Amino acid sequence: MKIAITPRSLSSAGHPALSALTDRGYELVYPAPGRTPSEAELLASVPGCVGWLAGVEPVGKSVLEAARDLKVISRNGVGVDNIDLGVADARGIRIERAVGANARGVAELAITLMMSAFRHVSWSDARLHNGEWARRRGVEAEGRTLGVIGCGAIGRTVTEIALGLGMHVIGNDPNPPQGFAPKGFRLGNLEELFAESDVVTLHCPPSEAPLIDAAALARMRPGGVIVNTARADLIDDIAVLDALEADHLAVLATDVFHTEPPEPSALLSHDRVILTPHAGGFTEESVRRATEVAVANILKVLAP
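Note that the sequence shown covers residues 0 to 303 in numbering that gives the first Met the number 0.
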């Protein structure tokens with residue numbers, strides 16, 4: 000009757016939505032309150048758990064094999080690339096996702112990062128805090144083209160906000176959304192998306208190779224912007240740094256990293272890279288929705 004709770008947004012201070020579990024008699028286990036748990040912490044905590052409300056921490060073979068009583072892993076988001084799905088399937092562990100629960104929060108952050116890049120907000124803020132009076136000329140969103148890679152719930156919400164700003168939007172998705180055709184939006188292949196977009200924003204699962212590589216960057220117009228609130232592996236760090244240094248790419252704005260917290264690097268320290276600490280779904284509303292859905296998914300499996 001134990002359930003592990005590992006998302007940082009929940010393990011530090013809990014959440015009222017978790018009471019639906021304790022009211023059913025489940026004991027909540029917090030392997031690393033306020034932190035992403037290590038494999039050792041998971042191995043010490045998940046044995047005996049029948050359910051797991053999971054975050055972005057790696058859930059590998061050794062952890063899954065140690066969790067002999069585990070019946071369900073319920074993500075508080077949509078990504079499951081951190082879970083060894085083959086092992087989970089072999090052990091009969093159900094994997095549940097909170098589809099769409101944090102879409103608004105992530106979409107609003109993506110637009111915020113884009114606007115910050117257009118107006119050099121973080122660059123200006125850093126210089127004013129340092130006692131400097133310096134300005135970089137910005138650009139306006141109206142009339143510019145946004146390329147949206149991944150047209151799921153997040154990508155569609157980004158599109159709607161961008162259209163409201165007067166932008167044109169080109170979307171790309173191997174499974175295009177049916178019935179989604181607002182004025183100002185069209186679907187295109189990746190080649191034309193990169194060639195015609197002033198900004199490219201990523202809202203797709205990881206791919207075998209980075210989507211944003213030297214070839215993709217070369218297709219983009221000079222002065223372009225990349226926004227990544229999806230997965231760090233979608234970007235070739237070296238190619239992006241080279242494009243920034245050559246002034247071909249204006250700004251990289253990223254909310255995701257290979258490790259959290261990230262290791263220092265030449266890319267992350269560049270003054271035209273905007274960083275946020277994986278905060279896309281970290282809003283009051285998104286945390287509430289995602290927790291409620293994740294809890295409901297656990298109970299759907301454990302107490303149908």
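All C-beta atoms in this analysis are idealised placements derived from N, C-alpha and C, irrespective of residue type, glycine included. Note that the structure is a prediction, hence the values are computed from the model and not measured.
Going straight from the alpha carbon of residue i to that of residue j, what length do you get?
| i | j | result |
| --- | --- | --- |
| A152 | R74 | 16 Å |
| L162 | V147 | 12 Å |
| K109 | G223 | It is worth fixing the name first, because residue 109 is Ala in this sequence and not Lys. Approximately 15 Å between the Cα atoms of the pair. |
| I94 | A87 | 8 Å |
| L164 | R143 | 10 Å |
| V55 | G78 | 8 Å |
| A249 | G170 | 21 Å |
| N188 | E131 | 44 Å |
| P57 | T158 | 31 Å |
| V306 | A217 | Missing from the structure shown is residue 306; the chain here goes from 0 to 303 and no further. |
| D172 | C150 | 6 Å |
| P221 | N129 | 29 Å |
| R7 | G33 | 5 Å |
| E38 | L63 | 11 Å |
| R135 | R185 | 32 Å |
| P261 | G76 | 21 Å |
| G279 | P303 | 31 Å |
| P30 | E259 | 17 Å |
What residues are listed by DSSP as bridge partners for residue i?
| i | result |
| --- | --- |
| F184 | V168 |
| I234 | I211 |
| I4 | L52 |
| S115 | DSSP lists no partner for S115. |
| T144 | H167 |
| L248 | G223 |
| I110 | According to DSSP, I110 bridges with nothing at all. |
| L27 | I2 |
Residues in its own chain within less than 8 Å of residue i by CB, not counting five upstream and five downstream?
| i | result |
| --- | --- |
| G91 | K70 |
| L298 | A19, L20, R23 |
Any heavy atom of the ligand HEM closer than 7 Å to the Cβ of residue i?
| i | result |
| --- | --- |
| H269 | Here there are no bound small molecules, and the ligand HEM is not part of this structure. |
Considering only residues of the same chain and omitting the five flanking positions on each side of residue i, which have a CB-CB separation below 6 Å?
| i | result |
| --- | --- |
| N296 | S73, E95 |
| G154 | V147, H202 |
| T253 | N227 |
| W52 | Reading off the sequence, residue 52 comes out as Leu, not Trp. Around L52: I4, S73, A293. |
| M113 | V198, V226 |
Since I believe residue j is in contact with residue i (beta carbons under 8 Å), could you give me their beta-carbon distance rounded to a whole number of angstroms?
| i | j | result |
| --- | --- | --- |
| P276 | D80 | No, P276 and D80 are not in contact; Cβ-Cβ is about 19 Å, not under 8 Å. |
| A229 | V255 | 6 Å |
| G137 | F117 | 5 Å |
| S196 | M219 | 7 Å |
| I211 | D235 | 6 Å |
| T200 | L145 | 7 Å |
To which residues of the same chain is residue i closer than 7 Å at the C-beta, ignoring the five residues directly before and after it?
| i | result |
| --- | --- |
| K60 | D83, V86 |
| G47 | K1, D68 |
Q.
Does the segment 93 to 105 come into contact with the segment 114 to 130, if we say contact requires no fewer than three beta-carbon pairs (one atom in each stretch) closer than 8 Å?
A. no
Q. Three or more beta-carbon pairs under 8 Å between the segment 266 to 274 and the segment 237 to 246, yes or no?
A. They touch, by the three-pair rule.
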